[in-house]
Structures are given as C-alpha cells and as structure tokens.
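Peer 1: Under UniProt numbering, the residues of the sequence shown are numbered 1 to 1051, in order. Cβ coordinates follow ideal geometry from the N, Cα and C atoms, glycine included.
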Amino acid sequence: MTAEEVFSTPISPRLDYADGARISFITSSDISSCELTYSGLKEAVNLVTGILHKLLSNRRHVIVAISITESECLVPIILGTLEVGCAFVYVPPNESSTFRVRQCERLGVAIVFTEEEDDCFNAAGVEKTCIQLNGRTIALSLLRRSQWIEMGADIAYVMQTSGTTGTPKIIRVPHTCILPNIIDFRKRLEMTESDTVLLLSPLTFDPSMVEMFLALSSGAKLLIVPSKLKLDLPDFTAVLAQHRPTVVQMTPSLLQLLPIEFVRESLLGADSFVRCMLIGGEPFPISFMQKNRHAHNKTRIFNVYGTTEVSCWATCRELTQSLSQFDDVDLGEPLLGTTVCVRDGFLWIGGAERRCFVDNETEAPELRCTGDRVEIDRNGRIVFVGRDDDQLKRSGMRISLTQIEQLVNSSGLTIGSAACLDPTSKELLLFVCLSEKHDSNWRNDITALLKADLPRYARPTSLLAVQSFPVTKHGKLDKSALLRMWRATVDQSYSSTAIVSFLGDMLDGQAIIDHSATLKTLGVDSLGAARLAAEVDRLSGTSRVTLIAQLLDAKTTVADLIGLARRTVDQIDSSYPKAKRPRLLEGTDGASVGEHSELAHQKHGDSSNSEAENLRASDFNGVVAAQNSEPSASFEIVWAWDSGKCIDASPVVTKSITGEVVAFIGSHSGKFAAVLCENGSIKWCRQLPDRIEATCAVNEDIVAFGCFDGYVYFLSAETGEEIWRYKSGDAVKSTPIFYDQSVIVGSHDRTIYRLDYQNKSCLWSRLLDGGILSSPCVSGTDRQRMVFVATLASTIFALNWIDGAQVWSIKLAKPVFSHLQSLPFSNDQSALIVADVSGRISLLNCDDGAQLVSDELESSIFGAPFVVRTSGQCWRLYLGTDDGRLCCMRLTRRSQTPVYLWNIAVEWTKRLTTGLTRSPLAFGWDRIAEKCLPFYSHAMNEWPLKGSVSSYNDTIGDLRDNDLCSSQTLCCVAIARDGVGVLLNENGVEMGEFRLPGACFSSPVVVDGGVVVGCRDNNLYYLKLHSLSKSAPSLSLDEQNRPLDERASDR
1 MTAEEVFSTP
11 ISPRLDYADG
21 ARISFITSSD
31 ISSCELTYSG
41 LKEAVNLVTG
51 ILHKLLSNRR
61 HVIVAISITE
71 SECLVPIILG
81 TLEVGCAFVY
91 VPPNESSTFR
101 VRQCERLGVA
111 IVFTEEEDDC
121 FNAAGVEKTC
131 IQLNGRTIAL
141 SLLRRSQWIE
151 MGADIAYVMQ
161 TSGTTGTPKI
171 IRVPHTCILP
181 NIIDFRKRLE
191 MTESDTVLLL
201 SPLTFDPSMV
211 EMFLALSSGA
221 KLLIVPSKLK
231 LDLPDFTAVL
241 AQHRPTVVQM
251 TPSLLQLLPI
261 EFVRESLLGA
271 DSFVRCMLIG
281 GEPFPISFMQ
291 KNRHAHNKTR
301 IFNVYGTTEV
311 SCWATCRELT
321 QSLSQFDDVD
331 LGEPLLGTTV
341 CVRDGFLWIG
351 GAERRCFVDN
361 ETEAPELRCT
371 GDRVEIDRNG
381 RIVFVGRDDD
391 QLKRSGMRIS
401 LTQIEQLVNS
411 SGLTIGSAAC
421 LDPTSKELLL
431 FVCLSEKHDS
441 NWRNDITALL
451 KADLPRYARP
461 TSLLAVQSFP
471 VTKHGKLDKS
481 ALLRMWRATV
491 DQSYSSTAIV
501 SFLGDMLDGQ
511 AIIDHSATLK
521 TLGVDSLGAA
531 RLAAEVDRLS
541 GTSRVTLIAQ
551 LLDAKTTVAD
561 LIGLARRTVD
571 QIDSSYPKAK
581 RPRLLEGTDG
591 ASVGEHSELA
601 HQKHGDSSNS
611 EAENLRASDF
621 NGVVAAQNSE
631 PSASFEIVWA
641 WDSGKCIDAS
651 PVVTKSITGE
661 VVAFIGSHSG
671 KFAAVLCENG
681 SIKWCRQLPD
691 RIEATCAVNE
701 DIVAFGCFDG
711 YVYFLSAETG
721 EEIWRYKSGD
731 AVKSTPIFYD
741 QSVIVGSHDR
751 TIYRLDYQNK
761 SCLWSRLLDG
771 GILSSPCVSG
781 TDRQRMVFVA
791 TLASTIFALN
801 WIDGAQVWSI
811 KLAKPVFSHL
821 QSLPFSNDQS
831 ALIVADVSGR
841 ISLLNCDDGA
851 QLVSDELESS
861 IFGAPFVVRT
871 SGQCWRLYLG
881 TDDGRLCCMR
891 LTRRSQTPVY
901 LWNIAVEWTK
911 RLTTGLTRSP
921 LAFGWDRIAE
931 KCLPFYSHAM
941 NEWPLKGSVS
951 SYNDTIGDLR
961 DNDLCSSQTL
971 CCVAIARDGV
981 GVLLNENGVE
991 MGEFRLPGAC
1001 FSSPVVVDGG
1011 VVVGCRDNNL
1021 YYLKLHSLSK
1031 SAPSLSLDEQ
1041 NRPLDERASD
1051 R
C-alpha cells in the first residue's frame, strides 16, 4: 500500500480531530450516556489550550501529565495539550500518591491535570489552578520549573510498555510514528462519520491511541466506558449491546473472557453490530474464531501485530473466509510506513518515520528486534512461533510454550490454553478453558494428545481447567494470576519443593537438605520470619499474624514450616462450600491435575459472645467476665472523615491554643489531617508522598510523625505548615516521643535518632541490631536518664539520654511490636513494661534490665497495655491478644522486708469476635452528665512529662478510686480487628457493643461524650456514647450514609 493510495484528502501532520468528531460517555451503572458534540468538544479544547498557554508562558514541548478518570473531560485535555505543542502522559489516578509523584518527577512533568479533590500534588512550591470543564472542576498543578524536561517538537505522548516483551520501558512517541497507523486504518476500515469507535484499551496501553484518534480524525463518535464498568462483564456487555459500537479493538484474552452466548449472538453473530474488529496483543485465537463465528457473520476481522516501540501496530491481516480454513493466521502485510524483516528467525520492525525513543535514547534505530520468533511458510507468509522468552530448556532440550498451546487449541477440546513454568517448583503447567463439546474424558483426551505429539521432556507435568482466563489491565493474559490460582488450588505448590525453595533463596541460595533443622539454626531472624510468613500469606490469600510468632519459635523446624503452609491451605479449603472446593484429578504421566472454578466467598453472620465462647477461669487463673443480660449503653456514629485510604494509626486528641478539640491522624493515602472533633470538619490537611502508618505525637504547637518515605515530619499543630523534616534510611513506623525539647524516634533502617526540632539538627543516632517498629520511651532520674527501645531482632536496649551510648541490653525470646512503657513506682525508680509477640508480659528494672515479674498469655500481643493506677502500689493493665481476648490484669507491689515483691495476675477476660491489633482504652463515664472522663495510661512513653502535651483533658496520669463519684464508672473500650467494639465496666461486664463499617487496627481515644477511632474503610469516626436512658435511636446503614448536615438538621 502506498501513501498515494491512502491519502484521499489532506490531513494534519499531527494528531488532531476532524469536523464532526464527538464523544459519548457512559455516565452510570444504568449504562446511560452523555454526548459531547463537535462544537462542545472544540469549546472545551480551546479552554484547555488557553489555560496552558497562560501557565506555560513561553515554554513549549514539555510534558503534561493527565491523572483523571475516564470522563468527558479526558479527550479535550489530551487535544488541548497537543494543540499547544506539548506531549502528554497518562498517570492512572488509582495508583498510589508515591507512584504518581515519582512518575512525574522521573519524566520531568510540567503540569498535572487532576480531579479537584485529588490532593496528590499539593506539595510545597506547587501552584494550583482550577477550571470548569464540561461541568466538572479540574485542577492544574504547576510543578517546579527547575524539574521540567523539554521534549522534541514532534513528541506526541509518552507511554510505558506493559513489560510483555521484557522489562517495562519509557517510550516517547512522535506524531510521525503514530500517524501512519491512524491514516492506514482510516482507509483500511473505510471509516465514516456514522461509525462509533469503542475506547476499550486503558490509556496506559498504546492501542488506546489508535482507538481515540481513529474516531476523532474520522469525524466519528468515540464511546468512552469507565473502568469500573469494563471490569463488570454483565454491565460491559450491556453497554456494548445498547450503544452498539461499529469498530472494536481487543485482545484475544479479553474476547474469550466475554460470555460465550454474547460473543456468538452479538459480536460474531449473523446480525452483529460490529462492522470491524481488530484483534491483537497476543497470538490470534483461530480455533476460537472457527468455533464461535457464525457462518453469515459480516464483521471484518483483522489480526494486528506490533509493539509499543513502533507505536503501535506494524502489520495487519484480514481474516477472510479462505483464511479461516488455516490452522493459524499469519501476521499479514506491513502497515503504512512500516518495514518488516526476518533475521535469524526473529522479527524486526520499524521504518524511516516509525521510530520511537526508548528510555534515554536521543537517536532511535530504524529497525528493532521484537524478540518474537517467526517462520516464513511456503506461501511466503510470516507466522508467529513464540517469544524468545517463551522458550525454555527441560532435560537440556529447548521447548516452546506457544507450540504447546497451539497443539492443545487445535484439538477442539478447548477454547483457549496457557502454558507456563512455575519458577518456584519448576513445574511445567498447562491451563485450559474447556469448550462446550468436551466430555468427562477430556483429561484422557488431552493427555493422549500431549503424549502423541510431544516428546516426554516437552509435556506439561500438571494440568488445570479454568472457567476463564484472568487478564491484565491491558487485556492480556495474566500468567502471574494463573500461577497464584495454581498455588492456591493445588497442594503441590505447598510441597516441600516450593516452600523450601523459597527458604533457600531467602538464605542466599543455601541448600536446605535436613528438614529436621530448626529455622533458628539456619539463620532465620525476625525479618526472615516476617518474609516467610508473608510468602505463605501471599500464596494462600490469607493474613495470619500468628505465623511470625510460630516461625520465630526456637524449636520450629523446616518440616514444621512445610506443615504450617499445608495447614494454611487446608484452612482456606474448608472456608469454601464443599461443592466449590478444587478437585484433584488424575494428570498426565501421574502428575496432579486440578479443576478450578470461581470460588464465591461465604458471608459470615454476626459473631455472638455466648457464655461458651468465654474462657474458663482456670485458663488464666482469673475470673471470666460475666455476661450482662441487657446493655446499659449504646453508640451512634456522629461523623466520619474519609482519608482516601485505610487508617491504621491511632488518633491523638488535643485542645488547640484557640480552644478547639482537634484529632490528629495519618492515613495510608499519605494524608495527615487535623480534624475538629465537634463536627468532623477539617482544620487543615497535608498530602505527603507516601503512606503514614505510625501514630503521631503532639507537643504544644508541634505535631511529629513518621512516613513510609523515610522522613520524620514536624508540622505546626495550628496551621499544618511544615517546620522541619528529617530523613532516615527507611520507612518510619514508630511513634516519635517528645522529651525535653527534642524527639526520640526509631526507623526501619535499624537506627534510633534523637532530633532537636528547634535547631533542626540530629543530636545523636545509634545503629542497633534490627528494624524498629515499637515506639521507644524515656525514663530514669536526672542522674541517669535513659532511652529504651526494642528492635525486631528481639533486643531491648537502654541508651544514655545525653549521647546515645549503650547502658545495657537484653535479648528476648521474641520481638516486640507494641510500644515500650515506663511505669514509675517511686520518686527515683521505674520499671519497663514489655509485651512481646509470644504473649509474655514482663516488668524490667529500668536501672539494669533485671526481670521483676512476668506472665504468659499464650497468644501474640501487638498492642501495648493501657495502664490505670488504682491505688498507691496497684495498677490495672488492659490489653488484647491475637486470639481474641481482652484481658484485665492486676499488677501489685508490696513490701516484704528487706525487698519489694511484684505480682501480676489476670483479673478477668472477655472473648471478642477477633483479635486485637492495637491497645484498648480505659476511661471514666459520668452517667448523669453523659460525659467521658478521659485519662491517660499511667505508664508513659516519657516520664516525667516535660513540655507537656496541650491535652484535651488537661489532666494526665492516675485515675484513683476516690476520683470517681457514685455517678461515675470506670470503663474500657476495645475494638477487635473486624471492627466490632465492646464497652465493659471495671468488672468486665459488657455494657454495650458497636460495629464499625470496616476492620480496625487503630486504638480509640476519648472525646467528651464518645470516642474517636480510625478504620480500615478509610474513615476516621466519632462515636457518641449514650446511657440506656438516653440511648440514641438505631441508625440504618442508609441513614448512616446520609450527609451529616442533613442528619444534624433532623436532630
């Protein structure tokens, strides 16, 4: 095909839109749409170009990032960016803030388009402007000019490859490279203004550019479907059926994922509304087409092939009736401006104009090797054989995964197959999606086929039947998901081969031969145990924090590790309906074969706290909490603040200098906010570049907290303005401790720091033997003040406050995740409370680390105890365990000449629905005033308190018996991981229960008439506590979801 044959009318030398171009955007789940006409599109484009000209001044050819969801605003922003001479890059808004910020920094982006409420780029030095575009508010963030990178004048957009052909690369695509695709397909598909082109590919996948500009340059309609509808097959098929796009482009995997009836009747039926269908990105599914395309179907079907490096298609073959008789479909003829050649069995593509710039290239080669193996058949056709990385060696012999798939697909037993190698077990796996024609002998038929056509070394060892193939966000086959499916379905993946292989790799390739060896002798430390536990959790899809404690046990062997993994599989299997569990079948050559079906999660009913669920008194030498026949209190959710992602930190509540009661909280979204407790409104909010998991600390007008980006931030508590930040070597998950005008904080870089935030300097730092998750504490006398810190290597260090020198250290049996706490028991003496993950509570002498007393709760503890001093030498400790118990322990110190004796014992326990990850809360409740009497744990992270927190309650320290009058009660609130909370009196009797809408890893904090707590459903909640006599009405879910101002006006 020559250029003269293609050009029928003059065209723009750049990507552009023609008269009549319009957009149809699907707006909601009822698949209705809104239309943007050509005049409306042109007006919106002019608005975008105007604001860009204003912001960029005389700078041109820079990169503009677009980070908004698919909407009617998307195309005008792209067209306006191109019109001013800039290149664009699409940065998905659902990616993490850290990813988006780093991606823009890496590319030298000048301006970022975001939704108005998206504050990802609200950093210091960033100018922000808002415009009204098609009825929506769009924000433009002007990034620091010093970081801008100018592109060549011809660059249209920047794309990152999917990684299908190797390591992901950054591709800069010139107009002259992508335009030949648009021109060729306009002519080849005979595009007219009456056509509707479906924008199906995500904007991170280069075929989306063909879809978009094929429609726009032809004056046709572009149909935009939101991602959430694309992911819902019933909704997606309904969209196609109602809006009837005439030009559709998709991958074979996505096509085969659609309901087969819809494919046969609508897409490939006799009366299909699809006029042209382009299929590419993977080998053409010839057998699927032969089986499911109606004999009278008139849809023109094309096999397209290409790579992002030539953006995007290079060859094309139309599937005619004669071609449908072939066993395969060739790659076809080169597209306009494209050169194709075969060298040593590999396909090379390019062209004089079809050159993209990869990564840091300044000169692009005319031809690039695709890495795809091809053959030239006797008819001169180029036929795809497989990727070079699709080739592997077994028994010293090379085999092709693609050839295995083609063999099985030709049998008529399947509508698709996928062969892959499990890198862990080194098994060759074959996944098949069976056709309707298969019978109960399909296993034997496929086995016979493999034996007849493949040598032994090339035969798959395991076979799995799936209902459908998983796809990536780009619509390609997701082999990683298939491997996860395999590992979660078949016991083989949890065999000694798989788990021991991971252990050996983790230990730098150490050969694991003796399964009776303990993990400890092999060198598995706490971080190694965490990695092993995470691997078991990843493979199984579960989350079992108790695994770490089991793996850290000195007696745990390699055989035990294998048993733990298998037990996890058994637990998963038993959680599904029996009929839905995977069946093990007989496989090829005695190999295991699994049949996998979609597994529906069971919805469990509310757990009840029956008497039988409570622990017997003999279990812990204490008294079981009695059951109250009727609750005496209730809770009501008054307000909620949505942080954007889950909240694992605990709020800190203080009274500001203006008298406002403020809750400070950080979120995994990177947001850190000051929330007014009166109504849940935001006093201020900062967006950081990474996640926040640690609880903050507040001292007068300064709030300090750590972030996953490695920084410790110091902000003004009143305004949120940054005062200082200090960079550590890794994520900071430890809560900082204010003491004597400085801060003590630990990092995962194994270092403890003392920071002078007033003079903005590090006074000292000390490298320890492990990462620091637990928050430290400060204690001692003026003569010898010390910093105490626990590491994940199971060591407690006592360091000199002045210079960080080590005073003493002790090694525990297990690591400590909970905060360390100092318990002053005389004018010049204090003890250190330590709760480790084995469930042991220990009291250590701060002077020398000697153990004063300890007790064992026989379940992991992750949250520090809340300590209440009830008399001179008597304390109560409230703490939760991982197996779902809330325990109240009594700690006493009495004189027995010539020494003092300590004693600790469980007073009562209460069984909760699930385990506790953070600390419970004790407080006083005034039944007449309907008011909470907050007080702080008597065990402090710093003692004595200097430069005290501007606390909400103004009183910090003890709650003694004589502090509570007859109308007041000592209470305890505990919230389990599943979000179910209970309110107990001092005897462990349940007074009320509530349920948060999500899981909870946060500790509650008392505020006047209720509690504030973070939730993993992204929200910070304020729950009002009512006595039974003034109980709040029960709120339905719909009522709780109503705007708070409406609910307030009702009241």
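So for D961, helix, strand or coil by DSSP?
Peer 2: With a pLDDT of 35 at D961, under the threshold of 50, the modelled position of that residue is not reliable, and the figure given next carries that caveat. Three-state DSSP puts D961 in a helix.
Peer 1: Evaluate the contact criterion for the region 97-108 versus the region 205-219: three or more CB pairs, one atom per stretch, below 8 Å.
Peer 2: The region 97-108 is not in contact with the region 205-219.
Peer 1: May I ask you to report which of helix, strand or coil DSSP gives T315?
Peer 2: DSSP places T315 in strand when its eight states are reduced to three.
Peer 1: Taking all protein chains shown into account, do 16 or more other C-beta atoms lie within 10 angstroms of the C-beta of N134, making it buried, or fewer, making it exposed?
Peer 2: With 16 or more other Cβ atoms within 10 Å, it is buried.
Peer 1: Using DSSP's beta-bridge definition, name the partner residues of L143.
Peer 2: For L143, which the question treats as bridged, DSSP gives no partner whatsoever.
Peer 1: Alpha carbons only, please: which of G644, Y711 and Q758 is nearest the one belonging to D749?
Peer 2: The candidate whose alpha carbon is nearest that of D749 is Y711.
Peer 1: Tell me, which residues are paired with E150 by DSSP?
Peer 2: DSSP, once it has assigned bridges, lists V62 as partnering E150.
Peer 1: Three-state secondary structure (DSSP) at K291?
Peer 2: Here K291 sits in helix by DSSP.
Peer 1: Rounded to a whole number of angstroms, what is the C-alpha to C-alpha distance between K169 and C369?
Peer 2: Spanning the two alpha carbons is a distance of roughly 15 Å.
Peer 1: For I665, tell me which candidate among L1025, S650, G659 and H819 has the shortest Cα-Cα distance.
Peer 2: Of L1025, S650, G659 and H819, the residue nearest in Cα terms is S650.
Peer 1: Just list the beta strand (DSSP E) runs in the region 795-829, keeping only unbroken ones of 3 residues or longer that don't cross its boundaries, in chain order.
Peer 2: Complete beta strand (DSSP E) runs here, min 3: 795-800, 806-811 and 821-824.
Peer 1: Compare the C-alpha of residue 1055 against each of K733, A805, C887 and C846 and name the closest.
Peer 2: The displayed coordinates of the chain run from 1 to 1051. Any statement about residue 1055 would go beyond what the structure contains.
Peer 1: When the Cα of residue 1061 is compared with those of G746, N759, I286 and D756, which residue comes out closest?
Peer 2: The question about residue 1061 has no answer, for the chain in this structure spans 1 to 1051.
Peer 1: Whose C-alpha, out of L401, G659 and L483, is nearest the C-alpha of A717?
Peer 2: For the residues L401, G659 and L483, the minimum Cα distance to A717 belongs to G659.
Peer 1: Sort out for me which residues DSSP pairs R876 with in a bridge.
Peer 2: According to DSSP, R876 bridges with V868 and R890.
Peer 1: State the DSSP-derived secondary structure class of C1015, mapped to helix, strand or coil.
Peer 2: Note: C1015 maps to coil in three-state DSSP.
Peer 1: Taking the beta carbon of Q602 as the centre, do at least 16 other beta carbons fall within 10 Å, making it buried, or is it exposed?
Peer 2: Low confidence applies to Q602: its pLDDT is 26, below 50, so where it sits in the model is not reliable, and the reading given next is rough at best. So Q602 counts as exposed.
Peer 1: Tell me N903's beta-bridge partners as DSSP assigns them.
Peer 2: T892, per the DSSP bridge assignment.
Peer 1: Between the Cα of residue 1062 and the Cα atoms of S826, W724, T751 and I723, which residue gives the shortest distance?
Peer 2: There is simply no residue 1062 to check, as the chain begins at 1 and stops at 1051 in what is shown.
Peer 1: Quick one: give me the first and last residue of the alpha helix (DSSP H) that V210 is part of.
Peer 2: Taken as a continuous stretch (DSSP letters only), the alpha helix (DSSP H) holding V210 covers P207 to S217.
Peer 1: If contacts are defined as beta-carbon pairs under 8 Å, then Q256 and G371 qualify, I think. What distance do you get, rounded to the angstrom?
Peer 2: Going by Cβ atoms, the distance from Q256 to G371 rounds to 24 Å, so no, they are not a contact pair.
Peer 1: Hey, could you find the ends of the beta strand (DSSP E) G780 is sitting in?
Peer 2: Where G780 is concerned, the enclosing beta strand (DSSP E) stretches over C777 to G780.
Peer 1: From which residue to which residue does the beta strand (DSSP E) around Y757 run?
Peer 2: From DSSP, Y757 is part of no beta strand (DSSP E); its letter is neither H nor E.
Peer 1: Reducing DSSP to helix, strand and coil, say where K228 ends up.
Peer 2: K228: helix per DSSP, three-state reduction.
Peer 1: In the DSSP assignment, the alpha helix (DSSP H) including P180 goes from what residue to what residue?
Peer 2: Per DSSP, P180 belongs to the alpha helix (DSSP H) from H175 to R188.
Peer 1: Should T556 be labelled buried (16 or more other beta-carbon atoms within 10 Å of its own) or exposed?
Peer 2: Looking at its Cβ environment, which holds 16 or more other Cβ atoms inside 10 Å, T556 is buried.
Peer 1: Note the first and the last residue of the continuous beta strand (DSSP E) segment covering S462.
Peer 2: Start and end: S462 to A465.
Peer 1: Applying the 10 Å Cβ sphere with the 16-neighbour rule, what's the burial state of N409?
Peer 2: It is buried - the Cβ of N409 has at least 16 other Cβ atoms within 10 Å.
Peer 1: What are the start and end residues of the alpha helix (DSSP H) that includes N985?
Peer 2: From DSSP, N985 is part of no alpha helix (DSSP H) but of the beta strand (DSSP E) over V980 to N985.
Peer 1: So for F284, helix, strand or coil by DSSP?
Peer 2: F284: coil per DSSP, three-state reduction.
Peer 1: Tell me D372's beta-bridge partners as DSSP assigns them.
Peer 2: Partner(s): R387.
Peer 1: Of the choices T98, C130 and S96, whose alpha-carbon is the least far from that of I111?
Peer 2: Of the listed residues, the one whose Cα sits closest to I111 is C130.
Peer 1: How is the alpha helix (DSSP H) around N409 delimited, first residue to last?
Peer 2: L401 to N409 is the span of the alpha helix (DSSP H), which, as asked, contains N409.
Peer 1: Pair every Cβ in the region 193-210 with every Cβ in the region 41-52, then say whether three or more of these pairs are closer than 8 Å.
Peer 2: As far as the Cβ criterion goes, the region 193-210 does not touch the region 41-52, which means the pair count is below three.
Peer 1: Select from E190, A87, F99 and S227 the residue whose C-alpha is nearest the C-alpha of M159.
Peer 2: Looking at the Cα atoms, A87 is the closest of the given residues.
Peer 1: Grab the span of the alpha helix (DSSP H) containing S39 for me, first residue to last.
Peer 2: Y38 to L56 is the extent of the alpha helix (DSSP H) around S39.
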